Each structure stands twice: as C-alpha cells, then as structure tokens.
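Participant: This is the structure I have questions about; it appears just below.
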Amino acid sequence: MFQLCGETPADLSKASALINSLINQEHINITIHDPAIAHFTKEDLEMMSKMEKELKVSVITGKKGQDSVITLKGLTGFVQTAESRIRDIIRKVERNEHRKILAALTSSIVEWQYKSGHNFKAFDIFTNCDLEEAFKLQTTSVQIRIDSEMYNADIVRKIATKGRKRTELKRVELKAAAQSFLPSNWEDMKGQSVVLVKLTAGSKEYADVEKEFKKTGLSSNIIKIERVQNSALWRYYIIKKEQLEEKNQHKNNEKCLFHGTGPDTTDQINNHGFNRSFAGMHGALYGNGTYFAVDPSYSAQGYSKPDAKGHKCMYLARVLVGDFTQGRKGLLTPPNKSSKGVHFYDSVTDKTNNPSMFVIFSDVQAYPEYLITFRDK
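Just so we're aligned: 383 in the numbering used here is position 312 of the sequence shown, and the numbers increase by one with no gaps anywhere.
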C-alpha cells in the first residue's frame with residue numbers, strides 16, 4: 072500500500088500515475104496455446120495449483136476455439152518461471168502422448184511375450200514397444216520389468232535375466248495386422264524379412280521409376296530396378312507417417328527423393344534402412360542427418376560410387392519431410408518451430424522456397440523403396 076502526500080491534487084495525480092505505471096511494468100500476462108494442455112493429468116494440475124501459491128501468480132485454464140490455453144498473470148519474473156515450468160509439463164505430456172500412439176500401433180503388429188510357468192504371457196503395450204524398438208535397432212540389451220522386477224533382456228538370444236533368474240522371451244508377429252500394413256503390389260515374401268524383387272522392363276512400375284530417374288535429363292543406362300520389400304522397415308515407416316499426419320494436421324508430409332550410395336552399403340540399407348551414423352561423411356552443410364536429393368542427377372554425380380564393373384547405385388526413397396525449415400551446419404535434430412515452442416520441425420532443407428535437398432534426423436522417416444543400378448554412358 073502506498074500513501075501519497077502532496078501540495079496539489081495535480082502533484083498527487085502525477086505521482087499516482089507514475090507508481091501505477093511502474094507496477095504495470097512489473098506485471099505481465101502470458102497466454103500459452105497448446106493441444107497438449109488438454110491431456111494434463113491430475114498430478115500436472117495439482118503441480119500447477121501448488122506453483123500458483125508458491126509464485127503468487129494467477130493461472131487460468133480455458134479454451135480458445137479448438138485450442139486449450141493457459142493464461143498466466145503476475146510479476147514478470149514469477150510469470151516467466153511459471154511459464155518455463157508449464158512448458159516442461161507440455162513437453163512431458165507430448166512425449167507421453169506420442170509414446171501411447173506408438174505403443175498402440177506397435178501392439179497391433181507384434182506381441183512380445185515372456186515365459187511364466189508353462190505358458191507365455193504378453194507384456195504390457197509400453198514394454199512391448201520398448202522391446203520391438205530394441206529389436207528394430209538390434210540392441211543387444213534393454214531393461215524391462217517382469218512381475219515387478221527389473222530384468223536385462225537380450226533381444227538377439229531372446230532371454231531376460233536377473234541375477235541367476237532366466238526367462239525365455241518370444242516375439243509373435245500378428246499376421247493379419249502385419250499383412251494389412253504391406254503394399255498391395257508386393258510379392259509374397261514367404262516368411263522372409265527382406266526380399267528384393269527385380270522389376271520387369273516395360274512394366275508400368277518399371278516405367279514410373281524410370282521416368283523419375285530420367286526426369287531431369289539424366290542419360291545413364293539403367294541396368295536393373297529392384298523393389299525393396301522389408302516388412303519391418305515398411306511398418307515402422309507407416310507408423311511414423313501416421314504420427315506426422317496427426318501432429319501436423321495435414322497429409323502433405325511425404326516426398327519421393329533420391330539417395331546415391333556406394334555398392335558396399337546397399338545390403339545395410341536394404342536390411343536396416345538409412346543410418347544417421349554415416350552423417351557428416353560428405354560435408355553435412357545443413358545438419359548431421361541423412362541427405363536426400365530432389366534431382367537424381369545430383370545423387371548420380373556426387374554420391375553414387377561405381378563398383379569394379381562401373382555399376383552405380385541409387386535409391387528412389389519415400390521420405391517423410393513433414394514440416395521443414397532451413398538447415399545449418401552442426402544440427403543434430405530439427406530446430407524448434409518457435410523460440411518458446413515445444414514443437415519441432417520434421418526435417419531441414421538447403422532452400423525453403425525451392426528445396427533441392429532434404430535432411431532427416433530420424434531413421435524411420437525414410438523407406439528405400441527402389442534400388443536402381445545404372446552405369447554412365
């Protein structure tokens with residue numbers, strides 16, 4: 072409380088106005104818009120209530136159109152602290168929501184089980200997701216919980232151990248669901264996980280790929296075009312595609328792009344996809360990710376290395392570029408969409424107005440659909 076004394080009402084009015092101005096300068100209102108707010112848990116809301124009392128800020132939750140919003144009012148420093156804490160909650164909620172989606176999709180494709188007595192029991196969907204992710208990455212060890220105890224799971228040997236305790240693990244593909252994820256033009260894989268199918272010259276599929284390969288005047292002779300059928304990679308790619316469609320609220324996330332490579336890496340790519348661990352080998356001007364070109368000539372000239380016969384290799388890949396922005400040297404992940412936001416771009420490029428290349432930082436954002444073997448004239 073201020074008590075003002077002065078010679079004239081005008082002096083008092085001036086002093087009052089100055090104090091009110093200073094008070095207003097020390098107070099701010101901040102509104103946070105984010106769909107994740109709608110998914111705050113009871114614990115999250117209780118934490119906000121405690122923070123409101125601790126920092127003496129006003130925290131008002133509400134809706135603005137389709138968006139959930141939180142409005143913060145109070146002294147500048149305390150409001151900024153409150154905003155930082157709420158954005159941490161949003162990041163946590165967003166990670167949990169993505170994890171729920173991925174776990175649900177994964178559980179519709181594959182089921183991991185552990186031996187209990189004479190029978191096998193299914194893991195919960197989150198452990199199932201962790202095991203399948205480790206299986207995809209061929210991680211030799213992952214920590215899991217079985218009957219409230221922590222075990223070390225060996226994905227390759229399919230054994231979980233805790234001291235002297237050993238439990239057998241089993242991976243069961245849910246055939247009907249798994250098959251429904253695969254493209255209709257794929258040939259029967261007869262139980263194999265990876266199959267290369269040589270396209271018939273003159274077929275529509277061959278002609279479509281050839282047209283893309285030669286669209287910018289590339290005059291190289293095509294020796295063969297193979298369709299890469301990798302059921303696990305394809306399913307993970309489709310799961311990621313569905314995630315991006317939900318996150319970005321649109322379906323314009325995918326492009327067909329080119330990736331040139333040497334003959335010694337095609338087996339690795341066919342079996343395990345594009346690997347970011349090779350990022351930086353060719354300059355990495357726009358970030359340490361995997362690079363894809365819009366123009367096949369660029370991939371053919373710069374990155375398709377010939378083998379002893381002079382044969383070169385290039386992939387026509389499906390790539391989830393999603394929402395993209397300008398790249399720069401040293402990036403390990405795409406940047407934030409805004410300085411205070413918790414949403415990231417999905418990829419980066421060399422020129423946002425007319426991209427000639429894209430860089431992705433998640434291995435499941437690209438699928439090596441066609442392997443083109445060719446030679447220069």
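Glycine included, every Cβ here is placed at the ideal spot set by N, Cα and C. Only a predicted model underlies this, so the values are computations on that prediction, with no experimental measurement involved.
Taking the alpha-carbon positions, what's the D417 to T337 distance?
Facilitator: 25 Å
Participant: Do you know how far the Cα of L403 is from the Cα of G381?
Facilitator: 35 Å
Participant: State yes or no: is the C-beta of L270 nearer than 7 Å to some heavy atom of the ligand FMN?
Facilitator: This structure does not include the ligand FMN; it has no bound ligands of any sort.
Participant: Sort G262, E204, D225, M221 by Cα distance to S212 and report the nearest one.
Facilitator: D225
Participant: Between which two residues does the beta strand (DSSP E) containing L328 stretch?
Facilitator: In this chain, the beta strand (DSSP E) harbouring L328 covers 325-332.
Participant: Compare the beta carbon distance of N419 and G398 with 8 Å and say whether it is the shorter of the two.
Facilitator: Here residue 419 turns out to be Val, not Asn, going by the sequence shown. Result yes, Cβ atoms of V419 and G398 sit closer than 8 Å.
Participant: Decide if D434 is buried, meaning its Cβ has at least 16 other Cβ atoms within 10 Å, or exposed.
Facilitator: buried
Participant: Can you give the Cα-Cα distance for A437 and I103, rounded to whole angstroms?
Facilitator: 33 Å
Participant: If E297 sits next to V390, beta carbons under 8 Å apart, how far is it from one beta carbon to the other, in whole angstroms?
Facilitator: Actually they are not in contact, since the Cβ atoms of E297 and V390 sit about 19 Å apart, beyond 8 Å.
Participant: Under DSSP, the alpha helix (DSSP H) around L208 begins and ends at which residues?
Facilitator: 196-208
Participant: Leaving out five residues before and five after E220 in sequence, what residues of the same chain have Cβ atoms less than 7 Å from its Cβ?
Facilitator: K233
Participant: Since M118 is in the alpha helix (DSSP H), which residue starts that stretch and which ends it?
Facilitator: 113-126
Participant: Which of the three DSSP states is assigned to R156 in this structure?
Facilitator: helix
Participant: Any idea what DSSP makes of M352, helix, strand or coil?
Facilitator: Residue placement at M352 is flagged as unreliable, the pLDDT there being 49, under the threshold of 50; the coordinate-derived value follows with that caveat. Three-state DSSP puts M352 in coil, outside helix and strand.
Participant: Spell out the partners DSSP gives L240 in its beta bridges.
Facilitator: Y185
Participant: Grab the span of the beta strand (DSSP E) containing K383 for me, first residue to last.
Facilitator: 383-391
Participant: Taking the alpha-carbon of F252 as reference, which of I230, V164, Y307 has the nearest alpha-carbon?
Facilitator: Y307
Participant: What's the C-alpha gap between P377 and G333?
Facilitator: 7 Å
Participant: Report, in whole angstroms, the separation of the C-beta atoms of A231 and I217, which I expect to be a contact under 8 Å.
Facilitator: Rounded, the Cβ-Cβ distance is 6 Å, consistent with contact.
Participant: From M118 to S409, what does the alpha carbon distance come to, in whole angstroms?
Facilitator: 25 Å
Participant: Let me check understanding here. Comparing Cα to Cα, which of S187, K192, I215 lies closest to C200?
Facilitator: I215
Participant: Buried or exposed: P254, going by 16 or more other Cβ atoms within 10 Å of its Cβ?
Facilitator: exposed
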